[in-house]
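Chemist: Residue numbers (this note's numbering): 142 to 242.
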Amino acid sequence: MARKTKAVVMNFKAMPQRDVPQGRNGKHKQIVTKILSDLDQIPAGVALKIPLAQLADGKDKVRSALNRATRKRGCVVATASDSIFLYVWNEAAAPPVSKKA
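1) Can you tell me which of the three DSSP states S222 falls into?
2) From this set, I183, L196, A194, which residue's C-alpha is nearest V218's C-alpha?
3) Span of the alpha helix (DSSP H) holding K170?
4) For K190, which of helix, strand or coil comes out of DSSP?
5) Evaluate V203 with the Cβ neighbour count: other Cβ atoms within 10 Å of its Cβ, from every protein chain shown; 16 or more gives buried, anything less gives exposed.
6) L196 and I172 look like a contact to me (Cβ under 8 Å); what is the Cβ gap, rounded to whole Å?
7) Applying the criterion that 16 or more other CB atoms from any shown protein chain within 10 Å of the CB defines a buried residue, is V229 buried or exposed?
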C-alpha cells in the first residue's frame with residue numbers, strides 16, 4: 142500500500158538562481174564611494190573634512206561601512222571626528238610582519 146504524503150505549502154516565493162542579483166549595494170554605498178574616490182585623489186598628509194550633517198545615518202555607521210570597504214580594497218585609512226566634521230585620511234600601510242622560525 143502506497144503512502145500518501147501531504148504537500149507542504151512553501152513559505153517563500155522561488156525564482157531562478159540566474160536572476161538573483163549578485164552585488165550588494167548597501168545604503169551607505171553612495172557616501173563611501175565618494176569618500177574613497179576623494180581619498181584616491183589627495184596626497185599623503187591631507188585629510189578629507191566631511192560635514193556630519195551630510196551623513197544621514199550618523200558617523201558610526203558610515204565609519205563601519207568605510208572600514209569594510211577599505212579592508213576589501215586593501216587600503217588603510219584613519220578617521221577622527223569632532224562635533225561638526227568627520228575627518229578621513231590615508232595611512233601608510235604597515236610593512237608585513239615576518240615570522241622568524
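Backbone N, C-alpha and C define an ideal beta-carbon position, used for all residues, glycine too.
Modeler: According to the structure shown:
1) The DSSP-derived three-state label of S222 is strand.
2) The shortest C-alpha separation from V218 is found at I183.
3) Segment 170 to 182, the alpha helix (DSSP H) holding K170.
4) Strand.
5) With at least 16 other beta carbons inside 10 angstroms of its own, V203 counts as buried.
6) The C-beta distance from L196 to I172 rounds to 7 Å, short enough to meet the 8 Å contact threshold.
7) Per the 10 Å Cβ criterion, buried.
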